[in-house]
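Engineer: Got a structure here, written out as structure tokens. Questions coming.
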Amino acid sequence: MSGKTLSQKVWDRHVVRSADGQPDLLFIDLHLVHEVTSPQAFDGLRTAGRRVRHPELTVATEDHNVPTVDIDQPIADPVSRTQVEALRTNCEEFGVRLYPMGDPGQGIVHVIGPEKGLTLPGMTVVCGDSHTSTHGAFGALAFGIGTSEVEHVLATQTLPQQVPGTLAVTVDGTLPEGSTAKDVILAIVGHLGTGGGIGSVIEYRGEVIRNLSMEGRMTVCNMSIEAGAKAGLIAPDDTTFEYLAGRPHAPFGADWDAAVNDWRSLATDDDAVFDREVVLDGADIVPHVSWGTNPGQVMRMDGTVPDPGSFEDPSQAEGPPSGPWTTWDWPPGNPHPRRGRRHRVHRLVHQQPHRGPPGRR
């Protein structure tokens with residue numbers, strides 16, 4: 032019998048029930064909640080007369096509708112204000128811990144989890160947000176869920192899930208000067224395409240990945256969904272442990288020592304077999320830019336934008352309005368018009384309605 036991959040190890044630790052022909056029932060260690068995908072879920076609990084099964088494993092924050100200026104003033108947009116007010120009411124009624132606007136602990140949901148030490152290696156983490164894969168940087172199995180699933184987790188602290196496939200993406204070597212974690216994941220998504228990871232959990236491996244900071248690893252795992260993957264994760268190591276040590280909700284003392292000892296076992300076995308493996312050379316990952324209307328349309332900054340007539344799929348040549356060829360005055364077969372002047376690219380991006388992959392929550 033062959034060994035297990037990291038994702039298989041974490042999965043197996045959380046199976047509550049398994050039956051032939053049925054999805055596995057997983058226990059969820061951490062449920063992150065925000066104001067956009069939770070109102071109907073709480074309404075469902077209220078209608079059914081149910082409580083939150085494990086409020087101590089549920090953490091809420093206001094992040095999607097929070098203004099970046101005048102945060103001491105009422106939210107101007109009525110829909111945004113209603114959603115935030117609903118979250119406050121629901122959390123108070125159901126006993127869920129909430130970090131509201133103005134609280135020092137409030138922040139982007141996928142940032143406060145790591146910063147507070149709520150996200151830990153080997154956990155299952157879910158949130159009603161596609162970029163929950165961010166938490167995979169810590170060796171957690173983390174994925175986004177829909178509103179009906181949010182209600183299911185609130186009510187049971189479990190979730191029925193089909194066993195995902197396994198995909199190893201190894202990036203060896205050393206990155207060129209000027210390349211960052213964002214360039215790494217853009218190159219990976221460009222290689223895999225937006226459907227290359229469908230049905231799979233991606234494990235990022237190799238020297239380049241190991242040399243990334245935790246923030247860099249979060250950047251990589253965050254965009255796993257852009258390749259269509261269920262989740263993305265990285266095996267925990269000393270970089271992970273150094274980041275987590277002393278965080279408010281991380282173990283401490285003898286519990287910390289025991290936890291780290293366990294976390295070191297969260298690595299893919301040498302004889303494990305992945306469903307698919309992809310290898311990239313870090314030396315080839317120069318700075319990248321998104322040129323199109325989906326995350327798979329990326330290119331090297333020293334490359335050329337493709338001719339729309341060369342696409343096998345005609346829909347790829349369509350976009351608002353026909354992609355970079357008109358929006359950016361970027362003729363096919365030519366290098367990026369701001370190559371070598373990256374500050375100008377930044378200005379250009381912010382002036383256009385069509386931006387490529389935005390900053391992710």
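Quick note: the sequence shown uses this note's numbering, first residue 32, plus one each step. Every residue gets a Cβ at the ideal spot worked out from N, C-alpha and C, and that includes glycine.
To the nearest angstrom, how far is it from the Cα of Trp-356 to the Cα of Ser-49?
Structural biologist: Confidence is the limiting factor: at Trp-356 the pLDDT is only 43, short of 50, which leaves the residue's position unreliable and the question unanswerable from this model.
Engineer: By Cβ distance below 8 Å, which residues in the same chain neighbour Thr-187 in space, the five residues on each side in sequence not counted?
Structural biologist: Correct list, in chain order: Arg-84.
Engineer: Please report the distance separating the alpha-carbon of Thr-113 from that of Glu-182.
Structural biologist: Approximately 19 Å, taken between the alpha carbons.
Engineer: Helix, strand or coil for Val-46, going by three-state DSSP, please let me know.
Structural biologist: Strand, per DSSP.
Engineer: When DSSP labels each residue in this structure, what does Leu-129 get in the three-state scheme?
Structural biologist: Strand, per DSSP.
Engineer: State yes or no: is the C-beta of Phe-272 within less than 8 Å of the C-beta of Thr-155?
Structural biologist: Taking 8 Å as the Cβ cut-off, Phe-272 and Thr-155 do not qualify as a contacting pair.
Engineer: So, Glu-238 versus Gly-313, is the Cβ gap smaller than 8 Å?
Structural biologist: For Glu-238 and Gly-313, yes; Cβs fall inside 8 Å.
Engineer: Does DSSP put Val-90 in a helix, in a strand, or in coil?
Structural biologist: The answer is strand: DSSP assigns Val-90 an E or B state.
Engineer: Mark Asp-51 as exposed unless 16 or more other C-beta atoms lie within 10 angstroms of its C-beta, in which case mark it buried.
Structural biologist: Asp-51 should be labelled exposed.
Engineer: Identify the continuous beta strand (DSSP E) that holds Ser-321 and give its terminal residues.
Structural biologist: Looking at the DSSP string, the run of the beta strand (DSSP E) that includes Ser-321 is 319 to 321.
Engineer: Quick one: grab the DSSP three-state call for Trp-359.
Structural biologist: Here the model assigns Trp-359 a pLDDT of 47, short of 50, so the residue's position is not dependable and the matter cannot be decided.
Engineer: Assuming contact is defined by CB atoms lying nearer than 8 Å, are Ala-79 and Leu-118 in contact in what I supplied?
Structural biologist: Contact: no.
Engineer: Which residue marks the beginning of the beta strand (DSSP E) containing His-62, and which one marks its end?
Structural biologist: From DSSP, the beta strand (DSSP E) with His-62 extends over 61 to 64.
Engineer: Just verifying my parser: in three-state terms, what is the DSSP assignment at Lys-35?
Structural biologist: The answer is coil: DSSP assigns Lys-35 none of H, G, I, E or B.
Engineer: For the candidate residues Gly-126, Ile-106 and Pro-267, whose alpha-carbon lies nearest to that of Leu-172?
Structural biologist: Nearest of Gly-126, Ile-106 and Pro-267 to Leu-172, Cα basis: Pro-267.
Engineer: Is it buried or exposed, Arg-331, if we count other Cβ atoms within 10 angstroms and call 16 or more buried?
Structural biologist: That one is buried.
Engineer: Look at Asp-288 and Gly-34 and say whether their C-beta atoms are less than 8 Å apart.
Structural biologist: Contact flag unset, no.
Engineer: Which first and last residues belong to the beta strand (DSSP E) in which Gly-247 is found?
Structural biologist: Run containing Gly-247: none in the beta strand (DSSP E); it sits in the alpha helix (DSSP H), 245 to 253.
Engineer: Could you check what DSSP says for Phe-283 in three-state terms: helix, strand or coil?
Structural biologist: Correct three-state label for Phe-283: coil.
Engineer: Report the CB separation of Ser-111 from Glu-234 in whole angstroms; it is logged as a contact under 8 Å.
Structural biologist: About 37 Å separates the two Cβ atoms, so there is no contact after all.
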